Amino acid sequence: MSEKQEKIMELVLVISLAVLPSLFSALFAYLGLVDMNYSSSNIHAIHILQIINQIIILAVFFYVLYRQGRGPEYIGLSFSWKDIFTGLALAVIAYIAAFFAGFMIIFYSALLGFELNVEPQNIEMFSTGPLSILLLILFIVNSFYEELIVRAYFINEMESFTNNTALAVSLCVIIQTSYHIYQGIISLFVIATLFTVFSLYYIKKRRIMPVIFAHTYYNILSAVLSRILKDYLG
Numbered sequence: 013m014s015e016k017q018e019k020i021m022e023l024v025l026v027i028s029l030a031v032l033p034s035l036f037s038a039l040f041a042y043l044g045l046v047d048m049n050y051s052s053s054n055i056h057a058i059h060i061l062q063i064i065n066q067i068i069i070l071a072v073f074f075y076v077l078y079r080q081g082r083g084p085e086y087i088g089l090s091f092s093w094k095d096i097f098t099g100l101a102l103a104v105i106a107y108i109a110a111f112f113a114g115f116m117i118i119f120y121s122a123l124l125g126f127e128l129n130v131e132p133q134n135i136e137m138f139s140t141g142p143l144s145i146l147l148l149i150l151f152i153v154n155s156f157y158e159e160l161i162v163r164a165y166f167i168n169e170m171e172s173f174t175n176n177t178a179l180a181v182s183l184c185v186i187i188q189t190s191y192h193i194y195q196g197i198i199s200l201f202v203i204a205t206l207f208t209v210f211s212l213y214y215i216k217k218r219r220i221m222p223v224i225f226a227h228t229y230y231n232i233l234s235a236v237l238s239r240i241l242k243d244y245l246g
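Residue 13 is where the sequence shown starts when you use my numbering, and the numbers rise one by one after that.
Encoded structure:
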């Protein structure tokens, strides 16, 4: 087996571990085959299990990088205090773009006479219970998990295999968006817009830490807004 074939196999392994369980869970939830209405009594245990699972897969990912003789610099992982504020600016830009995308979908659907459910579905995992330190830890771990593996690593590898950045970014956004299908079709397009902005920033700057901060900020904002909406609707 050639070095390229080994790297392809390792990419398939890492992405499969990171994506397939979430994708099937999301698909089953969207089809109504799995109930995602978590109660406040078990939500902390679910968060702990998710954190452990994602940390284990991150460990496998870093082992693969180590085995390939690559370090954090390969995926643009380095820290600067400016990343905190760059990530905030990126989150604002991505949120505005996502909001505009959602608005346009709703607007044109209304013009065509379609009635759409614009409220995100099956988000009780993140909107149930208090805004706790445990939930914040999950958001941080999840941001590292998704951005390091599904964005930075996947885009870099696909670029090296295909010499096509546009294809790498497109596949990255499709894959990352796919396992959010449990939230509904409208949310899927909104999330795709968000991830497109994140990917464009990454291929421009080749640094992933600001994207990780932006993803974390977005998760926190979504958790806050979902609770406000939940209280408002009663």
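All C-beta atoms in this analysis are idealised placements derived from N, C-alpha and C, irrespective of residue type, glycine included.
These figures come from a predicted structure and were not determined experimentally.
Rounded separation between residue i and residue j - CA only
i: R219; j: F151; result: 20 angstroms
i: R239; j: V76; result: 39 angstroms
i: L179; j: L212; result: 12 angstroms
i: Y78; j: S144; result: 34 angstroms
i: L183; j: N168; result: 12 angstroms
Same chain, Cβ closer than 6 angstroms to residue i, neighbours up to 5 away in sequence not counted
i: V202; result: A110, A113 and G114
i: G99; result: P222, F225 and A226
i: L35; result: S190 and Y191
i: L123; result: none
Cβ-based neighbour list, residue i, same chain, cut-off 7 angstroms, excluding 5 preceding and 5 following
i: T208; result: V185
i: Q62; result: L150
i: H59; result: L146, L147 and L150
Three-state class that DSSP yields for residue i in the structure shown
i: V46; result: coil
i: R239; result: helix
i: M221; result: helix
i: P33; result: helix
i: N65; result: helix
Same chain, Cβ closer than 8 angstroms to residue i, five either side skipped, listed in chain order
i: G88; result: A164, Y214, K217, R218, R219, I220 and M221
i: S7; result: Since the first residue shown for the chain is 13 and the last is 246, residue 7 is missing from the structure and cannot be characterised.
Neighbour-count burial assignment, residue i, 16 or more Cβ in a 10 Å radius
i: G196; result: buried
i: L206; result: buried
i: I21; result: Sequence inspection shows Met at residue 21; the Ile mentioned does not correspond to that position. It is exposed - the Cβ of M21 has fewer than 16 other Cβ atoms within 10 Å.
i: E15; result: exposed
Under 8 angstroms, with one C-beta from each stretch per pair, do the region 221-236 and the region 182-199 reach the 3-pair mark? A contact is defined here as three or more CB-CB pairs under 8 angstroms, and the region 221-236 fails this definition with respect to the region 182-199.
Could you tell me whether the region 61-70 touches the region 99-109, where touching means 3 or more Cβ pairs closer than 8 angstroms? Contact between the region 61-70 and the region 99-109 is absent, with fewer than three C-beta pairs closer than 8 angstroms.
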